[in-house]
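**Q**
In our numbering, the protein residues as written are 14 to 235.
(1) Give the straight-line distance between the Cα atoms of residue 202 and residue 218, rounded to the nearest whole angstrom.
(2) Taking all protein chains shown into account, do 16 or more other C-beta atoms lie within 10 angstroms of the C-beta of residue 137, making it buried, or fewer, making it exposed?
(3) Specify the secondary structure class of residue 211 as computed by DSSP and reduced to three states.
(4) Is the Cβ-Cβ distance between residue 50 and residue 114 less than 8 Å?
(5) For a test of the three-state rule: what should DSSP assign to residue 194, helix, strand or coil?
(6) Could you give the C-beta distance for residue 98 and residue 48, rounded to a whole number, given that I count them as a contact under 8 Å?
(7) What do you get for residue 283, buried or exposed, if any count of 16 or more other CB atoms within 10 angstroms of its CB means buried?
(8) What is the rounded straight-line gap between the Cα of residue 108 and the Cα of residue 190?
(9) Would residue 158 be called buried (16 or more neighbouring beta carbons within 10 Å of its own) or exposed?
(10) Is it buried or exposed for residue 104, if we count other Cβ within 10 angstroms and need 16 for buried?
(11) For residue 111, count neighbouring Cβ atoms within 10 angstroms of its own Cβ and tell me buried if that reaches 16, exposed if not.
(12) Is the beta carbon of residue 129 sitting closer than 8 Å to the one on residue 184?
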């Protein structure tokens with residue numbers, strides 16, 4: 014939303030969570046179509062006006078492509094399917110953001126990593142959550158994605174249970190040695206509700222943090 018609100022070109026967010034993602038529930042629904050429909054009807058998507066029927070558009074002009082709502086179908090969303098969706102999306106959008114699941118070894122992740130210019134690792138503000146995020150970076154480094162790690166940005170969500178501001182500086186300092194940048198996202202009741210997000214209803218500090226994160230993501234694009 015931060016990107017789409019300040020850019021004149023098209024921005025797409027793809028929910029590629031193979032365990033039934035909820036990204037599309039954060040914007041007002043404009044369609045019941047999903048990534049599965051894009052894969053199944055790929056040959057019929059011949060222009061942006063056709064593709065527009067498959068996405069929901071937010072007031073910031075962000076387009077969102079939903080994941081499958083059926084967990085059995087979403088499990089079947091694999092590497093080849095993601096490549097089909099990404100190839101079609103790249104025809105019509107300057108920027109494609111992919112929201113991933115937590116299953117780092119799922120086949121769809123390989124395609125995502127191979128295509129990514131930059132990566133955002135989200136961590137909570139507790140020590141336990143930071144350790145999990147750090148272990149993710151270590152796994153990526155050990156599996157041939159060291160360059161991607163160096164180009165990545167860590168977003169620290171300080172609105173989660175267990176956030177201790179005393180420890181936060183230590184967590185930021187740790188990640189700063191491993192990635193390109195670290196952004197702290199403040200607690201915001203509107204985000205914490207887990208419902209539709211109105212970007213302009215977020216606190217000013219939250220919007221500014223989101224724009225800082227968006228700027229860093231853009232800096233990492235090839």
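Even for Gly, the Cβ is constructed at its ideal location relative to N, Cα and C.
**A** On the basis of the data shown:
(1) Counting from 1 along the chain shown, the entry for residue 202 is found at position 189. Counting from 1 along the chain shown, the entry for residue 218 is found at position 205. The alpha-carbon atoms of residue 202 and residue 218 are separated by roughly 12 Å.
(2) Numbered from 1 along the chain shown, position 124 holds the residue referred to as residue 137. Buried, since its Cβ has 16 or more Cβ neighbours within 10 Å.
(3) Numbered from its first residue, the chain shown carries residue 211 at position 198. Reduced to three states, the DSSP call for residue 211 is coil.
(4) Residue numbering aside, residue 50 sits at position 37 when the chain shown is read from its first letter. Residue numbering aside, residue 114 sits at position 101 when the chain shown is read from its first letter. Result no, Cβ atoms of residue 50 and residue 114 do not sit closer than 8 Å.
(5) For the purposes of this step, residue 194 is taken as the residue at position 181 of the chain shown. In the structure shown, residue 194 sits in a strand (DSSP, three-state: E or B).
(6) What you label residue 98 is simply residue 85 of the chain shown in a count that begins at 1. What you label residue 48 is simply residue 35 of the chain shown in a count that begins at 1. Confirmed, about 5 Å.
(7) This structure cannot speak to residue 283, because the chain is shown only from 14 to 235.
(8) Along the chain shown, one-based indexing puts residue 108 at 95. Along the chain shown, one-based indexing puts residue 190 at 177. Spanning the two alpha carbons is a distance of roughly 28 Å.
(9) By 1-based counting over the chain shown, the position of residue 158 is 145. Buried, because 16 or more other Cβ atoms sit within 10 Å of the Cβ of residue 158.
(10) Locating residue 104 in the chain shown gives position 91, counting from the first residue. Looking at its Cβ environment, which holds fewer than 16 other Cβ atoms inside 10 Å, residue 104 is exposed.
(11) Taking the first residue of the chain shown as 1, we reach residue 111 at position 98. The residue in question, residue 111, is buried, as its Cβ has 16 or more Cβ neighbours within 10 Å.
(12) In the chain shown, residue 129 corresponds to position 116, counting from 1. In the chain shown, residue 184 corresponds to position 171, counting from 1. Not in contact: residue 129 and residue 184 (Cβ atoms no closer than 8 Å).
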